[in-house]
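Visitor: Here my numbering is used: the first residue of the sequence shown is 68, the next is one more, and so on.
All C-beta atoms in this analysis are idealised placements derived from N, C-alpha and C, irrespective of residue type, glycine included.
No experiment lies behind these values; they were computed from the predicted model shown.
This is the structure I have questions about; it appears just below.
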Amino acid sequence: MNKCICIGTLLLGSFAMAQTAISSKDYNTIESKVIEWRREIHQNPELSNQEFKTAEKIAKHLNALGIEVQTGVAHTGVVGILKGKREGKVVALRADIDALPVTERNDLPFKSKVTSEFLGEKVGVMHACGHDTHIAILMGVAEILSKNRDKIKGTIKFVFQPAEEGPPPGEEGGALLMVKEGVLKNPDVDAIFGLHINSQTPVGVIRYKSGGTMAASQSFTINVKGKQSHGSQPWSGIDPILISAKIIDGLQTIISREVNLTNEAAVITVGKIKSGVRFNIIPESAEMVGTIRTLDYAMKDHINKRMEEMVSTIAQAYGGEATLKIRDMTDITYNDPALVRQMLPVMKRVAGEVNIQTQKAITGAEDFSYFQKEVPGFFFFLGGMTPGNTESFPHHTPDFLIDDSGLLLGVKTLTEMSLDYLNSRR
Numbered sequence: 068m069n070k071c072i073c074i075g076t077l078l079l080g081s082f083a084m085a086q087t088a089i090s091s092k093d094y095n096t097i098e099s100k101v102i103e104w105r106r107e108i109h110q111n112p113e114l115s116n117q118e119f120k121t122a123e124k125i126a127k128h129l130n131a132l133g134i135e136v137q138t139g140v141a142h143t144g145v146v147g148i149l150k151g152k153r154e155g156k157v158v159a160l161r162a163d164i165d166a167l168p169v170t171e172r173n174d175l176p177f178k179s180k181v182t183s184e185f186l187g188e189k190v191g192v193m194h195a196c197g198h199d200t201h202i203a204i205l206m207g208v209a210e211i212l213s214k215n216r217d218k219i220k221g222t223i224k225f226v227f228q229p230a231e232e233g234p235p236p237g238e239e240g241g242a243l244l245m246v247k248e249g250v251l252k253n254p255d256v257d258a259i260f261g262l263h264i265n266s267q268t269p270v271g272v273i274r275y276k277s278g279g280t281m282a283a284s285q286s287f288t289i290n291v292k293g294k295q296s297h298g299s300q301p302w303s304g305i306d307p308i309l310i311s312a313k314i315i316d317g318l319q320t321i322i323s324r325e326v327n328l329t330n331e332a333a334v335i336t337v338g339k340i341k342s343g344v345r346f347n348i349i350p351e352s353a354e355m356v357g358t359i360r361t362l363d364y365a366m367k368d369h370i371n372k373r374m375e376e377m378v379s380t381i382a383q384a385y386g387g388e389a390t391l392k393i394r395d396m397t398d399i400t401y402n403d404p405a406l407v408r409q410m411l412p413v414m415k416r417v418a419g420e421v422n423i424q425t426q427k428a429i430t431g432a433e434d435f436s437y438f439q440k441e442v443p444g445f446f447f448f449l450g451g452m453t454p455g456n457t458e459s460f461p462h463h464t465p466d467f468l469i470d471d472s473g474l475l476l477g478v479k480t481l482t483e484m485s486l487d488y489l490n491s492r493r
């Protein structure tokens, strides 16, 4: 069996000795189920707002546990409500459920062979960001807590969220739509927890940051209009490809010359350019799409303003025209400092103090941020890399791999954090 995806129940000494509110028997029993669920979900991925079979599997599982189930939330989302034996606060636990338009490239026995259509193109579909592990972990947490209602003072909401990677163009979706549809209401949520597996963090390790931890994400589209001509006579036309190159170069000077990167990181990336049909024709138009990442609201406003000014001005300087549209995708993922302080002792108890590590903010983005705008939240990173590996593959790539032995720590941490939060007098 591939050592990158299963090395047994590899647990660090301090992790194995952890004192927990739930019996070790319950946790040991659930591990094999979680791994099985994860592999089945991995083999059957679905794109954003199309997670129909995934939602059906989740709802069936929650119903079997006697948990109140709501389906069709934000199109394909599933929400489970578990009430404890006593009244108390309400905590929400979130897992994202969508996959990416990526063709998987490995020899796993549960490798995805699914294909679909994305933006008019046939693509492979893969859980290339680990959302399959998030689903399986939360399904495991739900099963354990449903069997331990007597330990719950209050209510737990299990939020299985679609379209974290962003809904298709022209559609609403993700956390923002869930909030809009009232997922944090009835009963009203007091706090929310979420995790993300990380392929470059060793199994057994949890990393976090108090305050701003992940960037706000925006997408942008730039349409450039030129004048078509023969490729041998560029002087008779206006080249939108040349203008696009100048715009890209100009945008990077915003980051390198106008933004104080010693305060926070910022990124402007053009991820796609579409223009032309033939080698000897200067086309009439070009389209660019990309992303903006910021960790500071003032910085975000400045970058947006300068992009608006620069795009049209550069195009005009070369005789063309250009328009810019910017779309908000996620807000800054902000971990409530008081909630982080409250949860650290239980995290250290579960994983071992040496395995709880702080990290710097990153320019990756999460629409978990929209939940955190409404209620205090804590989002952390769970190790998924086989310890001792010299090579790991980044998220959103065809070679992305996660070691299944890291999933149990995710189950334990979310379970124990939930019980600690609900049963605390604070």
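Specify the secondary structure class of Asn290 as computed by DSSP and reduced to three states.
Guide: Note: Asn290 maps to strand in three-state DSSP.
Visitor: Hey, would you say Asp165 sits closer than 8 Å to Leu114, going by beta carbons?
Guide: Yes, these two residues count as a Cβ contact at 8 Å.
Visitor: For Leu79, which of helix, strand or coil comes out of DSSP?
Guide: Low confidence applies here, because Leu79 scores a pLDDT of 41, under 50, leaving its location unreliable and the question unanswered by this model.
Visitor: Can you grab the Cα-Cα spacing for the pair Lys415 / Leu391, in whole Å?
Guide: Lys415 and Leu391: Cα-Cα distance of roughly 47 Å.
Visitor: If the criterion is Cβ atoms closer than 8 Å, does the pair Asp470 and Ala283 meet it?
Guide: Taking 8 Å as the Cβ cut-off, Asp470 and Ala283 do not qualify as a contacting pair.
Visitor: What separation, rounded to the nearest whole angstrom, lies between the Cα atoms of Ser491 and Gly151?
Guide: About 14 Å.
Visitor: Using the Cβ count rule (16 or more neighbours within 10 Å means buried), how would you classify Phe346?
Guide: Classification of Phe346: exposed, given that the 10 Å Cβ count is below 16.
Visitor: For Tyr385, which of helix, strand or coil comes out of DSSP?
Guide: DSSP places Tyr385 in coil when its eight states are reduced to three.
Visitor: Quick check on Glu483: does DSSP put it in helix, strand or coil?
Guide: Glu483: helix per DSSP, three-state reduction.
Visitor: Exposed or buried, which one is Glu483 when buried takes at least 16 other CB atoms within 10 Å?
Guide: Classification of Glu483: buried, given that the 10 Å Cβ count is 16 or more.
Visitor: Using DSSP bridges, identify the partner residues of Pro443.
Guide: Answer is none; Pro443 lacks a bridge partner.
Visitor: Just how far apart, CA to CA, sit Val101 and Gln117?
Guide: Using only the alpha carbons, I get a separation of about 23 Å.
Visitor: Is the beta carbon of Gln228 sitting closer than 8 Å to the one on Arg394?
Guide: Their beta carbons are not under 8 Å apart, which means Gln228 does not touch Arg394 by this criterion.
Visitor: Taking contact to mean at least 3 C-beta pairs separated by less than 8 Å, is the region 333-347 in contact with the region 272-279?
Guide: Segments in contact, no.
Visitor: Would Phe119 be called buried (16 or more neighbouring beta carbons within 10 Å of its own) or exposed?
Guide: Exposed, by the Cβ-count rule.
Visitor: So Phe185 is in the alpha helix (DSSP H); what residue range does that whole segment cover?
Guide: Per DSSP, Phe185 belongs to no alpha helix (DSSP H); it is in the beta strand (DSSP E), Thr182 to Phe185.
Visitor: Once the 5 residues before and after Ser299 are set aside, which same chain residues still bring their CB inside 8 Å of it?
Guide: The residues are Asn347.
Visitor: Per DSSP, what kind of secondary structure is Pro269 in: helix, strand or coil?
Guide: Reduced to three states, the DSSP call for Pro269 is strand.
Visitor: Is it a yes or a no for the region 423-442 touching the region 357-374, going by three-plus beta-carbon pairs under 8 Å?
Guide: Flag = yes, the region 423-442 and the region 357-374 touch.
Visitor: Which value, in whole angstroms, describes the spacing of the CA atoms of Val337 and Met355?
Guide: Answer to the nearest angstrom: the Cα atoms are 7 Å apart.
Visitor: Between the region 154-165 and the region 173-185, can you find at least three pairs of beta-carbon atoms closer than 8 Å?
Guide: Touching, no, given that fewer than three Cβ pairs across the two stretches are closer than 8 Å.
Visitor: Quick one: what does DSSP say Cys71 is sitting in, helix, strand or coil?
Guide: Because the pLDDT of Cys71 is 44, which lies under 50, any placement of that residue in the model is unreliable, and the number read from its coordinates should be weighed accordingly. Residue state, collapsed to three classes: coil.
Visitor: Taking 6 Å as the limit between beta carbons, can you name the residues of its chain near Phe82, skipping five residues before and five after?
Guide: Its pLDDT being 41, under 50, Phe82 is placed unreliably in this model, and the value from its coordinates should be taken loosely. Cβ within range, chain order: Gly271, Ala418 and Gly419.
Visitor: Kindly indicate which residue of His201, Val192, Phe225 and Gly133 has the alpha-carbon position closest to the one of Val157.
Guide: Cα-wise, what sits closest to Val157 is Phe225.
Visitor: Using the three-state DSSP reduction, which class does Asn130 fall into: helix, strand or coil?
Guide: Reduced to three states, the DSSP call for Asn130 is helix.
Visitor: So, helix, strand or coil for Ile340, using DSSP?
Guide: Ile340 falls in the strand class under three-state DSSP.
Visitor: Mind checking whether Phe447 and Leu251 have CB atoms under 8 Å apart?
Guide: No. Outside cutoff.
Visitor: Using CA atoms only, rank isn't needed, just tell me which of Ile308, Gly357 and Glu388 is closest to Ile349.
Guide: Of the candidates Ile308, Gly357 and Glu388, the one whose C-alpha sits nearest the C-alpha of Ile349 is Ile308.
Visitor: Under the assumption that Val478 contacts Ile134 (Cβ atoms under 8 Å), give the Cβ distance between them as a whole number of angstroms.
Guide: Not quite, the Cβ-Cβ distance comes to about 16 Å (not below 8 Å), so this is no contact.
Visitor: Comparing alpha-carbon positions, which option in Ile381, Glu123 and Tyr94 lies nearest Ile108?
Guide: Cα-wise, what sits closest to Ile108 is Glu123.
Visitor: Looking only at its own chain, which residues have a Cβ that is under 7 Å from the Cβ of Leu244, when we skip the five neighbours before and after it?
Guide: Correct list, in chain order: Ala141.
Visitor: Can you tell me whether DSSP reads Thr390 as helix, strand or coil?
Guide: Of the three classes helix, strand and coil, the one that applies to Thr390 here is strand, per DSSP.
Visitor: Look up Lys522 in the DSSP assignment and say whether it is helix, strand or coil.
Guide: Since the first residue shown for the chain is 68 and the last is 493, residue 522 is missing from the structure and cannot be characterised.
Visitor: Using the Cβ count rule (16 or more neighbours within 10 Å means buried), how would you classify His297?
Guide: Result: exposed.
Visitor: In the DSSP assignment, find the alpha helix (DSSP H) that holds Ala159 and state where it starts and stops.
Guide: Where Ala159 is concerned, there is no enclosing alpha helix (DSSP H), although the beta strand (DSSP E) it sits in stretches over Arg153 to Asp163.
Visitor: Just verifying my parser: in three-state terms, what is the DSSP assignment at Ile89?
Guide: If DSSP states are grouped into helix, strand and coil, Ile89 belongs with coil.
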